[in-house]
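Counting in this note's numbering, the sequence shown runs from 41 upward without gaps.
Built from N, CA and C at the ideal position, the CB exists for glycine as well.
See below for the structure under consideration.
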Amino acid sequence: MTEPTVASCLVVGTGLIGTSIALALRRAGVQVHLADRDPQSVRTAAGLGAGTAEPPPRQVDLAVVAVTPAATAEVVTGLIAGNVAATVVDTASVKAPVCRDVQAAVGAAPHFVATHPMAGRERSGPAAARGDLFQGRPWVITRGDADEGALARARALVRLCGATPVELDAAAHDAAVALVSHLPQVAASLVAARLVDGPAEALALTGQGLRDVTRIAASDADLWVEILEGNAEPVARLLAELRQDVDA
Numbered sequence: 041m042t043e044p045t046v047a048s049c050l051v052v053g054t055g056l057i058g059t060s061i062a063l064a065l066r067r068a069g070v071q072v073h074l075a076d077r078d079p080q081s082v083r084t085a086a087g088l089g090a091g092t093a094e095p096p097p098r099q100v101d102l103a104v105v106a107v108t109p110a111a112t113a114e115v116v117t118g119l120i121a122g123n124v125a126a127t128v129v130d131t132a133s134v135k136a137p138v139c140r141d142v143q144a145a146v147g148a149a150p151h152f153v154a155t156h157p158m159a160g161r162e163r164s165g166p167a168a169a170r171g172d173l174f175q176g177r178p179w180v181i182t183r184g185d186a187d188e189g190a191l192a193r194a195r196a197l198v199r200l201c202g203a204t205p206v207e208l209d210a211a212a213h214d215a216a217v218a219l220v221s222h223l224p225q226v227a228a229s230l231v232a233a234r235l236v237d238g239p240a241e242a243l244a245l246t247g248q249g250l251r252d253v254t255r256i257a258a259s260d261a262d263l264w265v266e267i268l269e270g271n272a273e274p275v276a277r278l279l280a281e282l283r284q285d286v287d288a
């Protein structure tokens, strides 16, 4: 069987992740259409060479949903219902709630693949995007109800962006990112918050170690509230274990 190709793509959400994906796909010769509820964000991404603001004239091979976690399932189900793309993938940082909500809305979804590129920056928005953001990084693919054609297109997306596909189920993904991403984010934010009222003579001694620890605390706070709400149980369990370590 010939592997499906990705010649055309609709990227919904032109923030850091969506625009970075679009830049990588454009570099690979894919025709990219951009959409976002913020027209200025689309114009900025298009001005960077990430694609066109014009809607696709026909069904695209792939639609990439790169919106906030709370909005992801609704956008995915809308694209599925509209038959906008042969395959729809998302990039949300938490997988179990998205998969559950999509299934509740449309039932089995053979044309949907839940994914998560393990890359990012402390800066947000299209102006922070980079076409090489995913180079050499893991990119989780959750099989779910997806058929082989949809999985093949998802793997093609990962390959075109220079990333490495890693297959995990939704629960395993959420537990893993709680440990390697969400817990460090909370810890960095807590340390940074302690510095707000720190004495000037102490802050004057700041070195690279503190900058390394707190760098990601500059990430989008509203986005992180959504992420932590979506993965609350695994993160809370890890924080309790961390508290036990401190008490010990």
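From this set, the options, which residue's C-alpha is nearest residue i's C-alpha?
| i | options | result |
| --- | --- | --- |
| residue 75 | 155, 48, 257, 53 | 53 |
| residue 134 | 282, 265, 281, 288 | 265 |
| residue 158 | 88, 246, 203 | 203 |
| residue 141 | 208, 205, 115 | 115 |
| residue 272 | 215, 235, 284, 245 | 215 |
| residue 260 | 229, 77, 138 | 229 |
| residue 221 | 138, 79, 256 | 256 |
| residue 207 | 287, 250, 155 | 155 |
| residue 62 | 179, 164, 168, 90 | 90 |
| residue 47 | 263, 84, 165, 99 | 99 |
| residue 180 | 136, 119, 69 | 136 |
For a quick check, are the C-beta atoms of residue i and residue j less than 7 angstroms apart?
| i | j | result |
| --- | --- | --- |
| residue 86 | residue 117 | no |
| residue 131 | residue 151 | no |
| residue 102 | residue 121 | no |
| residue 153 | residue 110 | no |
| residue 182 | residue 210 | yes |
| residue 258 | residue 162 | yes |
| residue 4 | residue 60 | Any question about residue 4 goes unanswered here, given that the chain covers just 41 to 288. |
| residue 72 | residue 49 | yes |
| residue 278 | residue 212 | no |
| residue 55 | residue 165 | yes |
Can you name, in chain order, every residue of its own chain whose Cβ lies under 6 angstroms from the Cβ of residue i, other than the five neighbours on each side?
| i | result |
| --- | --- |
| residue 44 | 189, 192, 193 |
| residue 64 | 171, 201 |
| residue 57 | 106, 131 |
| residue 245 | none |
Sorted by chain position, which residues of the same chain lie with C-beta nearer than 7 angstroms to residue i's C-beta, five sequence neighbours on each side aside?
| i | result |
| --- | --- |
| residue 253 | 228, 231 |
| residue 112 | 105, 130, 132, 138 |
Can you say whether residue i is buried or exposed, counting buried as having 16 or more other CB atoms within 10 angstroms of its CB?
| i | result |
| --- | --- |
| residue 195 | buried |
| residue 247 | exposed |
| residue 236 | exposed |
| residue 249 | exposed |
| residue 288 | exposed |
Going along the chain, which residues of its own chain have a beta-carbon closer than 8 angstroms to the beta-carbon of residue i, five neighbours each way excluded?
| i | result |
| --- | --- |
| residue 276 | none |
| residue 176 | 202, 203, 204 |
Any 3 or more C-beta pairs closer than 8 angstroms across the region 262–276 and the region 218–237: When C-beta atoms of the region 262–276 are compared with those of the region 218–237, three or more pairs fall below 8 angstroms, so the two segments count as touching.
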